[in-house]
């Protein structure tokens, strides 16, 4: 228990003091986290992420949805890594003009469609696609990456590629579980993008999420 408390102190300290996080990162040039659709299909089939719909696990999604709506009211939103629709569950309270969720887990996408059957009569859509290579056919006011950007390769290059699918005044939204690797991603975004809002959301059981809304990379 003491180790985890100390780790959280270090991670929070590293938000303002990057050198602190670097001191405690053993793998300074770690590659992107490897993942595959079969692994996530197993998670969703086993109800591993049903917990994301519990109230105490949705604070970061509520904040991200609120910040996106504050900067782009009633936006048309593309979500990469939508899974079973956990972020959409918070976003829909803000009556977005449109929503399209993409995930490379067909099990997750089917679960999202089952979870929101009445909503599907309107504007939300869920589709299977790989966020690393997905090419949207439409333009959006906001593109969000809730807890998935660390799986999608170089983050700044990723946002540059998706910038072509944003309207001229569009924004990106990102949320990440707070540890040393997402801190490095977050600092890259800070260095390359105009940050419109950022916050740390504490989890009731300990730890925290980083939540950021930014403009496309310079």
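Residue numbers (the working numbering): 13 to 230. Where is the CB? At the ideal position from N, CA and C, for every residue including glycine.
How many Å lie between residue i and residue j at the Cα?
i, j, result
"residue 37", "residue 201", "Because the pLDDT at residue 37 is just 49, under 50, the model does not fix this residue reliably, and the point stays unresolved."
"residue 213", "residue 150", "32 Å"
"residue 75", "residue 91", "15 Å"
"residue 35", "residue 85", "Unreliable positioning characterises residue 35 in this predicted model, as indicated by a pLDDT of 47, which lies under 50. A coordinate reading is not provided."
"residue 181", "residue 187", "20 Å"
"residue 126", "residue 93", "17 Å"
"residue 130", "residue 101", "13 Å"
"residue 121", "residue 208", "30 Å"
"residue 118", "residue 95", "9 Å"
"residue 178", "residue 128", "26 Å"
So who's on the other strand from residue i, going by DSSP bridges?
i, result
"residue 141", "Partner(s): none; residue 141 has no beta bridge."
"residue 220", "214"
"residue 112", "90 and 137"
"residue 165", "Partner(s): none; residue 165 has no beta bridge."
By the 10 Å Cβ neighbour count, where 16 or more other Cβ atoms means buried, how is residue i classified, buried or exposed?
i, result
"residue 228", "buried"
"residue 111", "buried"
"residue 124", "buried"
Short check: CB of residue i to CB of residue j, under 9 Å?
i, j, result
"residue 89", "residue 49", "no"
"residue 116", "residue 97", "no"
"residue 185", "residue 79", "yes"
"residue 190", "residue 222", "yes"
"residue 224", "residue 215", "no"
"residue 156", "residue 83", "no"
Touching by the beta-carbon criterion (3+ pairs, under 8 Å), the segment 197-216 and the segment 164-175: Output reads yes: the segment 164-175 touches the segment 197-216.
Contact between the segment 66-73 and the segment 132-148 (3+ Cβ pairs under 8 Å): No, the segment 66-73 is not in contact with the segment 132-148.
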